[in-house]
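J.: Numbering (this note's numbering), first residue to last: 223 to 299.
(1) In this structure, does DSSP put residue 242 in helix, strand or coil?
(2) Taking 8 Å as the limit between beta carbons, can you name the residues of its chain near residue 265, skipping five residues before and five after?
(3) Take residue 279 as the anchor and find which of 254, 251, 235 has the nearest alpha-carbon.
(4) Looking only at its own chain, which residues have a Cβ that is under 7 Å from the Cβ of residue 250, when we skip the five neighbours before and after it?
(5) Take residue 269 as the anchor and find which of 230, 277, 231 has the nearest alpha-carbon.
(6) Can you list, in chain order, the stretches of the alpha helix (DSSP H) that have 4 or more residues and sit fully within the segment 243 to 272?
(7) Grouping DSSP H, G and I as helix and E and B as strand, with all else coil, what is residue 229?
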């Protein structure tokens, strides 16, 4: 299933934050079941949720497609 990798990355991100599914869901204004469904590969997240994650610094290319995270642009010296 195409969402399986997405779900694994959602879980990885949540665990990096040290959050339970319930805590992670609450931080995004979601039901726990929505996070559970995403992590199990049954459903994806809405565009609004993806934007929230992007605003928190999540690389959406990594989250959605599994591409290596893009390094932040370097500052000029």
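Ideal placement from N, C-alpha and C gives every residue a C-beta, glycine not left out.
T.: So, from the listed chains and residues:
(1) In this structure, residue 242 counts as coil in the three-state DSSP scheme.
(2) Taken in chain order, the residues that qualify are 225, 256, 259.
(3) Among 254, 251, 235, the Cα nearest to that of residue 279 is on 235.
(4) So the qualifying residues of the chain are 271, 274.
(5) When only C-alpha atoms are compared, the closest one is 277.
(6) Runs found: 243 to 250, 254 to 261.
(7) Residue state for residue 229 is assigned as helix, using DSSP reduced to three classes.
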